[in-house]
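I have placed the structure first, in the form of structure tokens, so that the comments after it can refer back to it.
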Amino acid sequence: MGNVLIAYDNDSQTSLHSFFESCADEVKQYCVDNGHQYTNICPPELTEQNVVGNMNNHCVCFIAAHGDANGVYNNNDEDVITVHTANYDLADKVFYAVSCSCGVNLKQELKRIGLGIFVGYNDVLTIVEFDDSFRECAMSGLKSLLSGDSKEEAKKKMLAKYDECIDKATSPFVQAYLIQNKECLCFE
């Protein structure tokens, strides 16, 4: 795996900004520990041009920000990667999103242009912000891909991490949210 672009919304006015930043921090540390080069993008630089425009030099686009069925947005609700942006620089790359619902329409658009691997969610991604199991589950597939695992093996490990965290959940609510997140995972 080559260079990793790490984009995330850590604007203090954004809900879940601490969660998004902790996911990005985990990717950065994993890259350092495993010899991957990375580029870090967060507000106010979290824009379409800075993310999609830099994908020529990266093999993986990791993004942690709010999203919907049509894509992922920045702290100003501006398109970053959506069905309305020019996404051709993502062809043959990995797109890994910790964002709500981008697995609905955005996934189809990125597959149409030749995306290599899509990881995201096709419904609301529910987070209990200070429960580490949500971050661990969300990040496990990317760590597996970056370690050199195949798409199939990475997906298998990610689903196993969800199962492990579901079994160890501290409350029925946490368990239910993890089950919901697992069920809406798109790993294609």
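With the first letter of the sequence shown counted as 1, position 174 gets the number 177 in the numbering used here; the numbers rise by one all the way through. Every residue, glycine too, gets a C-beta built ideally from N, C-alpha and C.
Q.
Give me the residue from Gly74, Leu8, Gln183, Glu139 with the minimum Cα distance to Gln111.
A. Per the Cα distances, Gly74.
Below 8 Å on the Cβ atoms is my guess for Glu29 versus Asn13; work out the distance and round it to an integer in Å.
Not quite, the Cβ-Cβ distance comes to about 13 Å (not below 8 Å), so this is no contact.
message: I need the straight-line Cα distance from Thr17 to Ser102, nearest angstrom please.
response: Straight-line Cα distance between these residues: approximately 13 Å.
So, for Cys168: in the same chain, excluding its five sequence neighbours on each side, which residues have a beta-carbon less than 7 Å away from its beta-carbon? Here the set comprises Ser136, Glu139, Cys140, Leu181.
Notebook entry, point to check: Is the number of C-beta pairs between the segment 5-12 and the segment 51-71 that are closer than 8 Å three or more?
Noted result: By the Cβ criterion, the segment 5-12 is in contact with the segment 51-71, since at least three pairs of Cβ atoms, one from each stretch, lie closer than 8 Å.
Point to revise | Straight-line gap, Ala89 to Thr173 (C-alpha atoms, nearest Å) | key: Between Ala89 and Thr173, the C-alpha separation is close to 43 Å.
message = Let me check understanding here. Comparing Cα to Cα, which of Tyr41, Ser21, Asp92, Asn37 lies closest to Ala67?
response = When only C-alpha atoms are compared, the closest one is Ser21.
Practice task
Out of Leu128, Pro46, Glu48, Ser147, state which residue places its alpha-carbon closest to the alpha-carbon of Tyr2.
Solution key: In this structure the chain extends from 4 to 191, so residue 2 is not present and cannot be described.
Tell me, please, whether the segment 109-127 touches the segment 89-98 by the rule of three or more beta-carbon pairs shorter than 8 Å. They touch, by the three-pair rule.
*Rounded to whole angstroms, what's the CA-CA distance from Leu109 to Val86? Just pull it up for me.*
Here the C-alpha atom of Leu109 lies approximately 6 Å from the C-alpha atom of Val86.
Practice task
Note down the Cα distance separating Asp80 from Lys158, rounded to an integer number of angstroms.
Solution key: Straight-line spacing of the CA atoms in Asp80 and Lys158 works out to 30 Å.
Exercise. Evaluate Ala94 with the Cβ neighbour count: other Cβ atoms within 10 Å of its Cβ, from every protein chain shown; 16 or more gives buried, anything less gives exposed.
Key: By the 10 Å Cβ count, Ala94 comes out exposed.
Query - Nonlocal neighbours in the same chain, by C-beta distance under 7 Å from Asp82, ignoring five residues either side - result: For Asp82, where only same-chain residues beyond five positions count, the Cβ hits under 7 Å are Glu51, Gly74, Tyr76, Thr88.
Subject >> Nonlocal neighbours in the same chain, by C-beta distance under 7 Å from Lys154, ignoring five residues either side >> reply: Taken in chain order, the residues that qualify are Ile120.
Considering only residues of the segment 95-166, which uninterrupted beta strand (DSSP E) runs meet the minimum length of 3 residues and lie entirely inside it, listed in chain order? Listed in chain order, the complete beta strand (DSSP E) runs (minimum 3 residues) inside the segment 95-166 are 97-101, 120-124.
Worksheet item: Under the three-state reduction of DSSP, which class applies to Ala172: helix, strand or coil?
Response: DSSP places Ala172 in coil when its eight states are reduced to three.
(message) Check for me: the alpha helix (DSSP H) holding Asn37 runs from which residue to which?
(response) In the DSSP assignment, Asn37 falls within the alpha helix (DSSP H) that extends over 20-37.
Taking Cβ to Cβ, would you say Lys164 is nearer than 8 Å to Ser143? Taking 8 Å as the cut-off, the beta carbon of Lys164 is found closer than this to the beta carbon of Ser143.
Q) Going by C-alpha distance, which of Asn184, Lys160, Asn53, Thr42 is nearest Ile130? A) The shortest C-alpha separation from Ile130 is found at Asn184.
- Query: With a CB to CB cut of under 8 Å and the five nearest residues on each side skipped, what residues in its chain are close to Lys31?
  - Reply: If the five residues before and after Lys31 are omitted, its C-beta is found closer than 8 Å to the C-beta atoms of Ile9, Tyr41, Asn43, all from its own chain and listed in chain order.
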